[in-house]
Every structure is written in C-alpha cells, then in structure tokens.
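A.B. asks: Sequence order for the protein chains is A and B. Heads up: the first sequence is residues 475 to 1086, going by my numbering. Heads up: the second sequence is residues -19 to 60, going by my numbering. Just dropping this structure here.
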Amino acid sequence: MTADLHWLPAAPSDFAARLAAVEALPEAEAWDALKALSQTRLDPARTNRLDRVLQRRFSDCEAYGLALLGSSTLSHLAAGIRVGALRRDLRLTVVEGPYGQYREAIESETLRAARPGTLLLAPDAADLLGPHDPAAGTGDVTGALDHLKRLWDRARAVHRCTLVQQTLLPAALPLMGGNEHRMPGSLAARTARFNGALRDAAAEEGVDLLALDDAVSRYGIDAWHDPALWLRARQAVSPAAAPLYGDLVARLVGARLGCSAKVLVLDLDDTLWGGTIGEDGLSGIVVGQGSALGESFLALQAYARDLARRGILLAVCSKNDPATARQPFAEHPDMLLRLSDFAAFVANWDDKASNLRRIAQELRLGLDALVFVDDSPFERALVRQHLPMVAVPEVPDEPALVARCLADAGYCEAVALTDEDRVRAQAYARRIPTAGDAATDLAGTLAGLGMRLTWRSFDAVGLPRIVQLVNKTNQFNLTTRRLREAEAAALIDDPDAVTLQLRLTDRLGDNGVIAVVIGRLAERDLNVETWLMSCRVLGRRVEEGTLSALAAEAARRGARRLVGLYRPSGRNGMVADLYPRLGFTADGEGRWVLDLAGYAPPGDLPMVVETG
Amino acid sequence: MTEEAALAALAPLFEEVFGEPVALAPELTADDVEGWDSTRMIELIIAVEARFGLKLTTREVDGLATVGDLAGLVARKAER
C-alpha cells in the first residue's frame, strides 16, 4: 500500500504542458492554475516539480510561515507541505532549521526573524528516547516528555506561535514480538508508550499533534519509512510519502486558519442508498441490515451522522423530485439519517453546481466550506469544473469504502471541539422554519423569539470558542484579523483592550457564543480592531445589540468615540456598509466614527442586552 | 526488456524529476547534469521503483556510475 493522495482525481495527462503554461499567466490566474494542479493525485516527482514553479512565481508574496525542526533530514518534506497549503488556497513558506539541531534552532536569530505562524517539531524516536536498552529495568518516558515540554515552553516564549508536535514514527523493530511492552527498555515499546503519553501532554499544553503513528497504522510502516533511505540520507519519512505528509501538515495549519470544510453535501441515489428512489420506489432501494450492500450505505450514513454530532453540517444535493427524495428519510424504517439531520435539503432537476451554490447561500457559508460526495463521475467532474473551490473526493465505486475515503481525505480536520460544535447541527435544523417566517413578518418573528444577548469580556473558559470563531468567520467579519490562542489569552489582562464575547439565547435554545469584538483604547478613542459574527444569527439584529453592548462598555472604560475600519477580504462584502448602516460617519481617512455622546440604542431592539 | 527500451522509458522519469527534458545517453553521469545531487538521486530512484514496480537495493544503487548502468539494471530487474 502506498501513502498517496488517493482521494484526489488523477493528475491530468498534460501535466507538464499545463505547468509550463503557468509561467506565462498573470499572477492570479497562475495561482489558480497551480492550485488546480495541486488538487490532483500528484506523485512525489510531480509534487516537487509543481513546487519549483510555485516557488519561482510566488517567492516574493506575503505568506504564512511554517518552521520545520527535527533530528533527521526534513528538507525533502518542504515541497509537499507548500503544495498541501496551495491545495487549501494558502500561500505558505517553510523555514527549515539546520540539520539535526532542533533544540538550538528554536531560539536562533534566523527563526526569530522568520516569525513563523506555526512551528512543527519532528524529532525521531532514537533521538528522543535513545537506542534499545535490553538491560534497562524501567521504560519510563516521562524524562523525554518533560524535555519536550520545556522545548514547547521555549518555543512559545520566543515565537508566540501555534505548535505542532509530530508523534514518533514507530520504526523501531520489536525484540520480543507481540508482547514487546513487557520489555521496559525496548525502543519499540517506549515509542508506543511515549506516543500515548504525548496525547495527554499535548492536550494539556494546547499543542496540536501531527499523528504520524496513526498514519502508519493506516498505510503501513513500509509506506512511510524505508530503512535503506534512513541509512543513505537520514530520511525518517520516505520521500515516497512526502506528498501525503505535506497534506497532513497543511490540514493542521488550515484547521487553525479556518480553512477546514464545514458542510458535507451528499447525493442520494447510489450514495446514501442503493438504487434510484424515483424508479425503484421505497421498497426497491437497498439500505439497511440484512445485506452487505445495504449495510455499506448505512455505514456512510452512520459516519455522516457522527460527523454532524461533532459540528459538521449535512446537506442533500440530489437530482430528484423534491417529495420523492424526502420519502426514504420520512418513511423507510432502516434509514439512519432523518430529515432533521440536514441543515439544507435541495432536490430538483437543476444542475448540481447551481444547487451547491444555493446550499452555500442558504447556510450563509462560502462554497469552499463544502465537500460534495457523489457516486457519479459525471457530476463530480461537472462540479470540479464549475466550482473548483468545492472539495470533491474521488470516492471509490465500493460503497463500503466511501466513509474511509472521506476520513482519509481529512477535509474536516479539526484541532479543538467546543460545546457549540456538538449542538451546531440541531441549531441549523431549527433555523430552517424560522427563515421561512422571516420573509413574511420579520419584526413579529424576531420579537416573538425572546432573544437574550449576553456578553462578557474574554475569559479563560471562553478562549477555545473565541479563537475558533475568530479564525473561521469569513463573511460577517470587518477586518478578518486572525488570532492565536496565546494572543487571545494575552488580551484577558490587557488594560487597554476592550473585549466582548456575546452569547445569544432564544426560546428555541442556546446558540452559544456567536459574536466577538476586540477594541483597543487610545486616548479617548476605542479602535475596533476585530468585529465578527457567526452567519447563523444573521438577520436578527444581533449586530445592533452588539453595538449597544460595545458602546456601553467603551463609555464605561472612558472612551468618547468608537472608531471602526472595514478591510475588504474578498469574502466579507456583506459588512461593507455595516458602519454607515449603524450610524457611524466617515472620517475621510477610510475610518468610521461614532460619537458616543450622541448614541442611543434603537428603541425597538427585539432582544435584551445584558452582561453575564 | 532491452537496455535501449529501458533508456527510452527512463526519459520521461528524468523529465519529471528534473522538471525539464534531459538528453539521456548511456555514458551520461551525475556530474554532467546540473542539479543532479544526492537528493535528486533519491527522487529518481523512487520514481524508477514506482514506475517499474521494483525495488533497488543499496548495493545496486551504490554501484551505479552512469545512466547506462541504471538502464541496464532496470532492464534486468524488470524482466523478472
């Protein structure tokens, strides 16, 4: 088995010609053309070849920095990481430490100057744990773990960046066999023990893991590590696995930057059940216990349902009569997924690209938040062609393997789980009928919701959700400034910072923390550096409630004016006119100003705004 | 497979790895080609192994002096 990007479609046969053509394209088109090539199943040679063009064309652009430090040769992994980032529309540079000297390199001037956003530590087992020691009476790994924790502390203090720790590649050979753990000094046993302990330590310290040991259990040690290459070039990770390694790293970077997919869009016929509901009818489709094929479709349903429970939204995109498409969900006793599991349900005879646009619009998310699963190669090709920003895995023909393919692709990579994630699917399901009401009598509906907007300053318990919201909100976001957890934590005690996390509850339930504002006091001005809101609560006048809370807190802290800025990002057009809409006036220098003395909250605000 | 056939089959692999066509001849060595360092050599070996579905041993790789040696080795091993 090879550790390759098997969920991506094959690279085009004219790969070389397309790559050559990129050289002549203007910048934006060159980037899109390279990105399209990166979203195909590139082997190591083509990954490196693509990377060379990428480096040549985009060497002097602003980029996200990733520092790569370890005890073995790592330089052959940089191209895969850069191409993995390109696949996610991220411009990333890799700063490599000097060979083997990761401890010293952490505080080096070179690394400080590079200002990395992420630091990836990739030591190998022998370096950290020493060789096999059959005579050892103890297999304790806490010393090595403490050593690593001290490195994390130093890295944090110097760089204030996201840390990613690679788990140890389990390449050591067993000396006993299946009961290796009974030999304390065995390197293989200590590697396994260390990797186990690393989970708890990393969770405690807020360090993300690059779980190479899991990847080895998926693809096999031979796919990841070649002893001959280890001895020839000290490459712990084989270059043959470099494209996948790079994708795994880029997933983690992307997850922290809010690039992970948020919606799983599913086709119905021959994807969620076998057969065609419009022709075979309710009794003719294959789904459920009793046959291997029926259980295969159930397996995908179960995986989708479990993803929904951890915060991924589900949607249907099907060419079907709308009523017929809904029938199995409502009436087939063996179906696991029900209509209430879906945040959006689109069944009609339009083309799927148009329908995916509708789904994104209805969920108020970008198209790049969607993963589209369809058994039909035609539909997949059509969507890839018209909507290149939608992730379309090349799912296998065997339905039993579809869920595995989605898991391998890692589109929904997440680094933290919040309470909001666990109830998101229900929140969206509730939203569907209220959206319908809104068109008829918006004011009446809102007044009847019994909304409560409760705000408080940033605190430790709220940090994970705050950081998540700041880093994944793209549309209702005035400045699109991202925030690392350490930076957010520093704001808690910053005397010049005014921070608000706002929670919305209504008679339907708790929407969780849905808006964040960060302001900085300068003289008598409060400069609003960050203001963003989850699109889930759009159209409910929450932004007006937010302003009233912000104005009150700003005045209490001694400010006389609010000063705001709109920074277009290409995706936040919906808030281009937010400040004038809320009564701010232009100061002629691109900023928006609100005089607090002249401000009063709207009298008809359909919600209670309170601290708590 | 003949050595000539192997040489012809190696040409696209060299192009993939070096990013441009390389004029292959049996007597060509790493010193003759710009950028053919040890890292490139490993990429090349991996590409050869993947393309022909074979595994080259450390001894075999160390014994390679020219492109002709590589073509000969591939021709021999691909037969089996």
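In this text, a Cβ means the ideal position worked out from N, Cα and C, and glycines have one as well.
(1) Please compile the residues from chain A whose C-beta is within a distance smaller than 8 Å of the C-beta of Ala27/B.
(2) Assuming Phe(-2)/B and Gly15/B form a contact by the criterion Cβ under 8 Å, report the distance between their Cβ atoms to the nearest whole angstrom.
(3) So, does the CB of Val2/B fall closer than 9 Å to a CB anywhere in chain A?
(4) Using 8 Å as the Cβ pair cut-off and three pairs as the minimum, do the region 728 to 747 of chain A and the region 839 to 850 of chain A touch?
(5) Can you name, in chain order, every residue of its own chain whose Cβ lies under 7 Å from the Cβ of Ala909/A, other than the five neighbours on each side?
(6) Ignore the nearest five residues each way along the sequence and tell me which others in Ser712/A's own chain have a CB closer than 7 Å to its CB.
(7) DSSP three-state call for Ile906/A: helix, strand or coil?
(8) Tell me whether the beta-carbon of Val615/A lies closer than 9 Å to the beta-carbon of Arg673/A.
(9) By how many angstroms is the C-alpha of Lys946/A removed from the C-alpha of Leu686/A?
(10) CA-CA distance, Trp626/A and Leu637/A?
(11) Taking one C-beta from the region 1026 to 1045 of chain A and one from the region 1068 to 1075 of chain A each time, how about it: are there three or more such pairs within less than 8 Å?
(12) To be precise: take each residue of the region -10 to 22 of chain B, compare its Cβ to all Cβ atoms of chain A, and keep it if any distance is under 8 Å. Which residues remain?
(13) Ends of the alpha helix (DSSP H) at Phe489/A?
(14) Which partner residues does Ala865/A have in the DSSP bridge list?
(15) Ignore the nearest five residues each way along the sequence and tell me which others in Thr1004/A's own chain have a CB closer than 7 Å to its CB.
(16) When we look at the beta-carbon of Pro605/A and count the other beta-carbons within 10 Å, is it buried (16 or more) or exposed?
(17) Would a C-beta distance cut-off of 9 Å place Pro873/A and Ser770/A closer than the cut-off?
(18) Ordered along the chain, which non-local residues of its own chain (more than five positions away) have a Cβ less than 8 Å from that of Ala495/A?
(19) Ile759/A by DSSP, collapsed to three states: which one?
(20) Looking at C-alpha atoms only, which residue of Val1082/A, Asp933/A and Arg706/A is the closest neighbour of Ser1022/A?
(21) Does DSSP put Ser792/A in a helix, a strand or coil?
(22) Please classify Asn1001/A as buried or exposed, where buried requires at least 16 neighbouring CB atoms within 10 angstroms.
(23) Please name the residue in Arg515/A, Trp505/A and Ala510/A whose C-alpha comes closest to that of Ala484/A.
(24) Mind checking which residues open and close the beta strand (DSSP E) that includes Leu499/A?
(25) For Pro867/A, count the other beta carbons within 10 Å of its own beta carbon; 16 or more makes it buried, fewer makes it exposed. Which is it?
(26) Leaving aside the five residues before and after Arg725/A along the sequence, list all residues of the same chain whose C-beta is less than 6 Å from its C-beta, in chain order.
(27) Less than 9 Å between CB atoms is the rule here; does Val54/B satisfy it with respect to chain A?
(28) Does His699/A come within less than 9 Å of chain B when only Cβ atoms are used?
C.D. replies: With the structure as the only source:
(1) Asp517, Pro518 and Ala519
(2) 6 Å
(3) no
(4) yes
(5) For Ala909/A, the pLDDT reaches just 41, beneath the cut-off of 50, and the residue's location in the model is therefore unreliable, leaving the point undetermined.
(6) Trp698, His699, Asp700 and Leu703
(7) Reliability fails at Ile906/A, whose pLDDT of 49 lies under 50, so the model's placement of it is uncertain and no value is given.
(8) no
(9) 26 Å
(10) 7 Å
(11) yes
(12) Leu(-7), Glu(-5), Glu(-4), Val(-3), Gly(-1), Ser18, Thr19 and Ile22
(13) It spans Phe489 to Val496 - the alpha helix (DSSP H) in which Phe489/A sits, taken as one unbroken run.
(14) Val845/A
(15) Leaving aside the five residues that flank Thr1004/A on each side, the residues in its chain whose CB is nearer than 7 Å to its CB run, in chain order, Val944, Thr953, Arg955, Val990, Val991 and Ile992.
(16) Of the residues assessed, Pro605/A falls on the exposed side of the cut-off, its CB having fewer than 16 other CB atoms within 10 angstroms.
(17) yes
(18) Ala507
(19) coil
(20) Val1082/A
(21) strand
(22) Residue environment: Asn1001/A is assigned as buried (16 or more neighbouring CB atoms within 10 Å of its CB, all protein chains considered).
(23) Across the set Arg515/A, Trp505/A and Ala510/A, the C-alpha of Arg515/A shows the shortest separation from the C-alpha of Ala484/A.
(24) That residue, Leu499/A, is in no beta strand (DSSP E); it is neither H nor E in DSSP.
(25) buried
(26) For Arg725/A, same chain residues with a beta-carbon under 6 Å away, outside a window of 5 residues either side, are Gly884 and Glu887 in chain order.
(27) no
(28) no
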